[in-house]
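Chemist:
Printed below as a string of structure tokens:
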């Protein structure tokens, strides 16, 4: 029978790999982007996105040419005072979703972030009937 012993750094490497696997944003999610729900009623469209752990300053929302673009760029780094660390990690990722809407009033779009949920409200433009019958003389 052979007794297997682990050195401290081998165990740390194993735990670090497990931490990275369970605590990072999965690569598939990063490529696909964050999850969105789009609701519609008579007055507006409502877009809700799941952004847990994302700070308000890391979210950009643009509306141009009927396209709503929501992008996130997040960097996280632990501030470690000790200079003798053996292993140190930083996470950086960016995600983007683009949705097409028509008949939206861009001047009155609102957005808020609460409890990790981004809510963007896109009011609809009142469509005026411009149809006019022209009489032939």
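Residue numbers (this note's numbering): 10 to 146. The beta carbon of each residue, even a glycine, is placed where N, CA and C say it ideally should be. None of these values were measured; they are calculated from a predicted model.
What residues in its chain sit with their C-beta under 6 angstroms from that of residue 134, if we drop five residues either side in the sequence?
Modeler: The residues are 112, 114.
Chemist: For residue 122 versus residue 68, is the C-beta spacing smaller than 8 angstroms?
Modeler: Yes, Cβ-Cβ distance for residue 122 and residue 68 is below 8 angstroms.
Chemist: Could you tell me which residues DSSP pairs with residue 107 in its beta bridges?
Modeler: According to DSSP, which records beta bridges pairwise, residue 107 is partnered with 78.
Chemist: Closest to residue 183 by C-alpha separation, out of 49, 127, 103, 110, would be which residue?
Modeler: Since the first and last residues shown for the chain are 10 and 146, residue 183 lies out of range.
Chemist: Express the C-alpha separation of residue 103 and residue 144 in angstroms, rounding to a whole number.
Modeler: The straight-line gap from Cα to Cα measures roughly 58 angstroms.
Chemist: Would DSSP call residue 146 helix, strand or coil?
Modeler: In the structure shown, residue 146 sits in coil (DSSP, three-state: anything other than H, G, I, E or B).
Chemist: Is residue 55 closer than 8 angstroms to residue 128 when the C-beta atoms are compared?
Modeler: In this structure, residue 55 lies closer than 8 angstroms to residue 128 by Cβ.
Chemist: I think residue 118 touches residue 126, with their Cβ atoms under 8 angstroms apart; what is that distance to the nearest whole Å?
Modeler: Residue 118 to residue 126, Cβ: 17 angstroms. No contact.
Chemist: Under a three-way DSSP split, which group does residue 46 fall into?
Modeler: Residue 46: strand per DSSP, three-state reduction.
Chemist: Distance check for residue 80 and residue 39, CA to CA, integer angstroms please.
Modeler: For residue 39, the predicted structure reports a pLDDT of 46, less than 50, and the residue's modelled location is therefore unreliable. The matter cannot be settled from this model.
Chemist: By the DSSP assignment, the beta strand (DSSP E) with residue 131 in it spans what residues?
Modeler: Start and end: 126-132.
Chemist: Measure the Cβ-Cβ separation of residue 43 and residue 58 and say whether it is below 8 angstroms.
Modeler: Yes, the Cβ-Cβ distance between residue 43 and residue 58 is below 8 angstroms.
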